[in-house]
Each structure stands twice: as structure tokens, then as C-alpha cells.
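*Asks:* My structure is below; once you've seen it, I'll send some questions.
Next up, the structure:
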């Protein structure tokens, strides 16, 4: 069954690279419906819907205005390593807020 195959894949899926904008949007929706938190990266106009749909959308500074406005975070240095740094900073801020409250 197709949904079982999808479930098997999503349980192991961590990163998906070189995806079409349509695949990004479809996968983001399916993962969110499965209760997962989804981050999407993109730089093109066609990436806009997936960037907007994701829990966190990352766009490149050299990307289109559509991609940048649809995303939550614009990577000023166009470096994917910055995604990891942003996640670490975000977790740190979240943990500090939880500790304070």
C-alpha cells in the first residue's frame, strides 16, 4: 500500500536534496500531516508555496524576491551550513525561554 511505503520512508528521512518545487510542497504537506516538523530550502519563485507551507522556510539571499518573502529565514551568506547554525541558535533560545518560565 502506498501510505505504508511512505510511512516507512518518512521514518528514516532526514534530508531530501535536489527536489523539484512540486515534490517539496507535496512532501512538506505529507510530513506535516504525519505530525512532523518540516523545514524547506529554496531560492526560486516556484519554491514559494513549499517555503510558505513549511514550518520553517529557508531561502537564499541570492534567491528571487518571491522565495525570500515566502520564507521565514533568509540565509544572507547563501550557505547551507547556516541552516544548522540557525537551528542550533533557535534551540538555544527556546531552551533559555523554557528555563526562564
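Numbering (my numbering), first residue to last: 121 to 221.
Backbone N, C-alpha and C define an ideal beta-carbon position, used for all residues, glycine too.
(1) Go ahead and pull the three-state DSSP assignment for residue 194.
(2) Please report the residue range of the beta strand (DSSP E) in which residue 161 lies.
(3) Look at the alpha carbon of residue 161 and the alpha carbon of residue 175, and state the distance between them as a whole number of angstroms.
(4) Taking the DSSP output, what are the residues bridged to residue 220?
(5) Going along the chain, which unbroken runs of the alpha helix (DSSP H) with 4 or more residues stay wholly within the stretch 126-180?
*Replies:* Walking through what the data contain:
(1) strand
(2) 159-162
(3) 11 angstroms
(4) Residue 220 pairs with nothing; no bridge assigned.
(5) 141-153, 168-173
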